[in-house]
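Trainee: In terms of our numbering, the sequence shown has 281 at position 245, counting the first letter as 1, and numbering is strictly consecutive.
The beta carbon of each residue, even a glycine, is placed where N, CA and C say it ideally should be.
These numbers come from a predicted model, not from an experiment.
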Amino acid sequence: MKTKASSAADRFLTYLSPTSPHPLAIEVDKAEGLYIWDTAGKRYMDLVSGIAVCNLGHRHPAVIKALENQLGKYLHVMPYGELIQGPQVDLAERLAEILPEGLECSYLVNSGAEAIEAALKLAKRATGRTKLVACHRSYHGSTHGALSVTGNERKKYHVRPLLPDVHFMRFNVHQDLTIIDEDTAGVVIEPIQGDAGVRIPEVSYMKALRERCDEVGALLIMDEIQTGMGRTGAMFAFEHFGIQPDILCLAKALGGGMPIGAFIASQELMQLWTHDPMLGHITTFGGHPVNCAAALATVNVLRESDLICFVEEKGALFESLLTHLAIKEIRRKGLMMAVEFASPEIVQQVVTRCLEKGVITFWFLSDPVSFRLQPPLIITEEEIREACGIIMDCCQDLDK
Ligand code: PLP
């Protein structure tokens, strides 16, 4: 019989399925605002917002209040779509208010990958076509459909076959738009590629993409799972490009720290789930009332506060303070940033040293020479100066 694991780290490594050989493995005690504390009392600045989730910081008071209020009323009562649950309706209505016409109807799910799965289904169902187009170096999730449209072969080759009829084009390359044709059901794209290391396309490319989809009758699916909810200095990144998608996918920061996803389209498209067959897409927990209450509070704070107005300014301050010679490039939109170095080894050293000094940064899935900075939007100027000072110290240490 196996001896019982003893320390928290041993138990973590023994009983929970691992995803990497070297997890950060900080034992979390509590988290508030920009900070996470470990059980030894060490404080960390969270500069990645739990990977683009805690845009309002950890445990935002408005989110906690909404959660407490809903916990006193009801938890799960019925799978999605049958009973009228106030938090779901309120959230969907609020999303319709902040989105343009054509994106007025939300289907609430549990996660980003699930939103993508359903969006792909909707595009196929709506067009009667099977071909899907996605971009190289994209990340759309780890379930089979979402992985099929993810442009990172290393994540896929062990688990093929995946979805058939998926075609890839280069991101931000005009010539490749001809891959989208009359057989294409949908094109799925991140308006700014996140895990490729923050790749920002030209406005003209995004406009041409929209035009191409219209020309051939393909649906444009925008994956704003990482870019949404104020991260880039607009509520949704598609606003920067003067276009709008046919289907918008959200998750991560939508829930203010609670798990929720959504795919949003027109009423007309969403009616398709109701017939031939009815219950065309169903979920037990999607739109959980407690998570909807948290999401509504999150959207309200983002809409009613001036947080988004200062995102670009705060991002620019980061950029101006990170000026070490070892830094090759900073790619940034608002508070979505990639800091590039000469090699993965240097990235490893900087990330590790930052962690030792109480600053959490993190890697990208498809860009080994950069690390990510995606701090909560509530970060103050003083905190930005302190965080950048620590990162710069870690860069200086590289010379030693
Ligand atoms: N799409 C993008 C752009 C993402 O960054 C992620 C997660 O990192 C996903 C989809 C998948 O979301 P989830 O992890 O909630 O399934």
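Pull up the distance between the alpha-carbon of L199 and that of G181, whole angstroms please.
Mentor: For L199 and G181, the distance between alpha carbons rounds to 6 Å.
Trainee: Helix, strand or coil, according to DSSP, for E140 in the structure here?
Mentor: coil
Trainee: What beta strand (DSSP E) runs, 3 residues minimum, are completely inside the segment 69 to 145?
Mentor: If we require 3 residues or more, the beta strand (DSSP E) runs fully inside the segment 69 to 145 come out as 71 to 74, 79 to 82, 141 to 145.
Trainee: Quick check on DSSP: helix, strand or coil for M428?
Mentor: Here DSSP, grouped into helix, strand and coil, assigns M428 to helix.
Trainee: Can you give me the C-alpha to C-alpha distance between R235 and A41, rounded to a whole angstrom?
Mentor: 43 Å
Trainee: Run the proximity test for S406: is its beta-carbon closer than 7 Å to any non-hydrogen atom belonging to the ligand PLP?
Mentor: no
Trainee: Whose CA, out of L391, R389, T397, lies closest to the CA of V375?
Mentor: The option with the nearest alpha carbon to V375 is T397.
Trainee: According to DSSP, what are the bridge partners of M373?
Mentor: R368, L409
Trainee: Shortest alpha-carbon distance to F354 belongs to which of Q384, A330, L413, E392?
Mentor: L413
Trainee: The beta strand (DSSP E) spanning A298 covers which residue range?
Mentor: 297 to 301
Trainee: If we ignore side chains and look at the alpha-carbon of each, how far apart do G177 and P57 end up?
Mentor: 20 Å
Trainee: Any heavy atom of the ligand PLP inside 7 Å of the beta-carbon of Q262?
Mentor: yes
Trainee: Identify which residue in H311, E419, R196 has its Cα closest to the Cα of G394.
Mentor: E419
Trainee: What residue does the alpha helix (DSSP H) around K243 start on, and which one ends it?
Mentor: 239 to 252
Trainee: Ordered along the chain, which non-local residues of its own chain (more than five positions away) have a Cβ less than 8 Å from that of D82?
Mentor: A67, L70, Y71, I72, C90, H94, I396, P411, P412
Trainee: List the residues that DSSP assigns as beta-bridge partners of M294.
Mentor: Answer is none; M294 lacks a bridge partner.
Trainee: Mark C328 as exposed unless 16 or more other C-beta atoms lie within 10 angstroms of its C-beta, in which case mark it buried.
Mentor: buried
Trainee: Taking the straight line between their C-alpha atoms, what separation do you get for P227 and S43?
Mentor: Between the alpha carbons of P227 and S43 lies a gap of roughly 43 Å.
Trainee: Tell whether a beta-carbon distance below 8 Å holds between T75 and D65.
Mentor: For T75 and D65, yes; Cβs fall inside 8 Å.
Trainee: On the CB-based measure, 16 or more other CB atoms within 10 Å of its CB, does Y51 come out buried or exposed?
Mentor: With fewer than 16 Cβ atoms within 10 Å of its Cβ, Y51 is classed as exposed.
Trainee: Using only the alpha-carbon positions, how far apart do A88 and R267 sit?
Mentor: The C-alpha of R267 is placed about 8 Å away from the C-alpha of A88.
Trainee: Under three-state DSSP, which class holds L256?
Mentor: strand
Trainee: So, for P380: in the same chain, excluding its five sequence neighbours on each side, which residues have a beta-carbon less than 7 Å away from its beta-carbon?
Mentor: P404, V405
Trainee: Would you list, in sequence order, the uninterrupted beta strand (DSSP E) runs of no fewer than 3 residues that lie entirely inside the segment 191 to 232?
Mentor: 202 to 205, 220 to 225
Trainee: Contact between the segment 244 to 261 and the segment 206 to 224 is defined here as three or more beta-carbon pairs at a separation below 8 Å; is this criterion met?
Mentor: With the cut-off at 8 Å, the segment 244 to 261 and the segment 206 to 224 touch.
Trainee: If you reduce the DSSP assignment to three classes, tell me which class R161 lands in.
Mentor: Residue state for R161 is assigned as helix, using DSSP reduced to three classes.
Trainee: Nearest-angstrom Cα distance between Q432 and S341?
Mentor: 37 Å
Trainee: Since L213 and L245 are thought to touch, with beta carbons under 8 Å apart, how far apart are those beta carbons, to the nearest angstrom?
Mentor: 6 Å
Trainee: Mind checking whether A287 and S147 have CB atoms under 8 Å apart?
Mentor: yes
Trainee: Rounded to a whole number of angstroms, what is the C-alpha to C-alpha distance between T359 and A331?
Mentor: C-alpha separation (whole angstroms): 37 Å.
Trainee: Which residue or residues does DSSP assign as beta-bridge partners of L286?
Mentor: According to DSSP, residue pairing for L286 in a beta bridge involves A298.
Trainee: The alpha helix (DSSP H) spanning V169 covers which residue range?
Mentor: First-last for V169: 167 to 171, but that is the beta strand (DSSP E), not the alpha helix (DSSP H).
Trainee: Going along the chain, which residues of its own chain have a beta-carbon closer than 6 Å to the beta-carbon of I62, five neighbours each way excluded?
Mentor: D74
Trainee: Do the segment 104 to 124 and the segment 257 to 274 meet, that is, are 3 or more Cβ pairs less than 8 Å apart?
Mentor: no
Trainee: Would you kindly check if the distance between the Cβ of Y116 and the Cβ of G323 is under 8 Å?
Mentor: A contact, by the Cβ cut-off of 8 Å.
Trainee: Answer yes or no: the CB of S53 versus the heavy atoms of the ligand PLP, is any distance below 7 Å?
Mentor: no
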